[in-house]
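Numbering (this note's numbering), first residue to last: 28 to 135.
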C-alpha cells in the first residue's frame with residue numbers, strides 16, 4: 028500500500044505520533060486517515076532512524092474486500108505488487124525502510 032499526498036512521490040502511510048498515543052495507535056490512525064481502510068491486525072517489524080527521524084514499521088492486515096480510498100490527506104492511494112515499487116517514484120527514506128525490512132532488494 029502506497030499513498031501519494033501533494034508531492035509526486037509515493038510513500039508508505041504514516042506520519043507524526045501525537046503525544047498521547049503509542050506508535051501502534053498512531054500507525055492505525057494514519058492508515059485510517061490516509062486510506063480510509065480499517066485495520067484488522069498489526070505486526071511490529073522494526074524501529075529505524077533515517078534522516079534524523081524515527082520510524083516504527085508495522086505490517087498491517089486489512090480485509091481483502093476493501094479498496095483504499097483517498098482522503099482529505101491524500102490524492103491517491105493503492106495497492107502495488109512489491110515488484111512494481113522499483114518502477115515508481117517513491118520517497119527515498121521509504122525505499123530504505125522497505126529494503127531494511129527485506130521487502131525489496133538492495134540495488135547494486
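C-beta: ideal position from N, C-alpha, C; glycine also.
Only a predicted model underlies this, so the values are computations on that prediction, with no experimental measurement involved.
Cβ pair residue 94, residue 29 closer than 8 Å: Start at 1 with the first residue of the chain shown, and residue 94 comes out as number 67. Start at 1 with the first residue of the chain shown, and residue 29 comes out as number 2. Cβ atoms of residue 94 and residue 29: not closer than 8 Å.
Beta-bridge partners of residue 96, as assigned by DSSP: Within the chain shown, the letter at position 69 stands for residue 96. In DSSP, residue 96 forms no bridge with anything.
Residue 67 - DSSP class collapsed to helix/strand/coil: Working through the chain shown from its first residue, we reach residue 67 at position 40. Three-state result, residue 67: coil.
Best match in 35, 91 and 85 for proximity to residue 106 [C-alpha to C-alpha]: Stepping through the chain shown from its first residue, residue 106 is reached at position 79. With distances taken between Cα atoms, residue 106 lies closest to 91.
Identity of the residue in 55, 36, 39 and 37 nearest residue 45 by Cα: The residue labelled residue 45 in the question sits at position 18 within the chain shown. That would be 55, whose Cα lies nearest to the Cα of residue 45.
contact_flag[the region 52-71, the region 107-116] where n(CB pairs < 8 Å) is 3 or more: no
Buried/exposed call for residue 37, threshold 16 Cβ in 10 Å: As a first step, residue 37 is located in the chain shown; it is residue number 10 there, counting from the start. So residue 37 ends up on the buried side.
Three-state secondary structure (DSSP) of residue 77: The sequence position of residue 77 within the chain shown is 50, counting from 1. Note: residue 77 maps to strand in three-state DSSP.
Pair within 8 Å by beta-carbon distance, residue 51 and residue 58: The sequence position of residue 51 within the chain shown is 24, counting from 1. The sequence position of residue 58 within the chain shown is 31, counting from 1. Not in contact: residue 51 and residue 58 (Cβ atoms no closer than 8 Å).
Within the region 28-61, ranges of the alpha helix (DSSP H) (whole runs, at least 4 residues): none
Distance, residue 53 Cα to residue 98 Cα: Locating residue 98 in the chain shown gives position 71, counting from the first residue. Locating residue 53 in the chain shown gives position 26, counting from the first residue. Approximately 17 Å, taken between the alpha carbons.
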